[in-house]
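Position in the sequence shown counted from 1, then plus 48, gives you our numbering. All C-beta atoms, glycine included, are put in the ideal place defined by N, C-alpha and C. Reviewing the structure listed below.
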Amino acid sequence: QVYVGGFYRVPGTTGAAATLSVSTPVSLANANGDTLAFSSIAWTSSGNGDATPTIPSGAFTGGAQTLLSVTRNTWFESCLAFRYLNTQLVPAGTFNGVATFTLSTP
49 QVYVGGFYRV PGTTGAAATL SVSTPVSLAN ANGDTLAFSS IAWTSSGNGD ATPTIPSGAF
109 TGGAQTLLSV TRNTWFESCL AFRYLNTQLV PAGTFNGVAT FTLSTP
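Structural data, given as structure tokens:
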């Protein structure tokens, strides 16, 4: 599980929303050069006391994708539990890749 949280603060009473996004390469790779599509990795989102998770559950697309619009002066957090969708047979090994989460302000 990975905890993703943040706060977007803007002084005053106006301000556009910030955007939480995630970016991944197209695939993960192991030491032998075998690949696994990043789109075969999904997550379930949860949070303490959340009737609806702040960050929706979903799957990587293998590129940049928007996860959440964060209104001014708002705290957000979610715990993401990742899983392999088991969509293809892959060789044994450790597959590596990086997902970068970014909060961008206008």
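By the Cβ test, the region 102-122 is in contact with the region 55-75, since at least three Cβ pairs between them sit closer than 8 Å. S152 carries a strand assignment under DSSP once its states are collapsed to helix, strand and coil. Annotated as proximal: G110 and V74, with beta-carbon spacing under 8 Å. The criterion of a C-beta distance shorter than 8 Å is not satisfied by A90 and L137. A distance of 8 Å or more separates the beta carbons of A129 and T102. Residue pairing by DSSP places S117 opposite T67 in a beta bridge. Between Q113 and S152, the beta carbon gap of about 13 Å keeps them out of contact (Cβ cut-off 8 Å). About 6 Å separates the CB atoms of F124 and G53; that is less than 8 Å, so the two are in contact.
Rounded to whole angstroms, the separation of the alpha carbons of P104 and L76 is 23 Å. When R57, T142 and Y56 are compared, the shortest CA-CA separation from T83 is found for T142.
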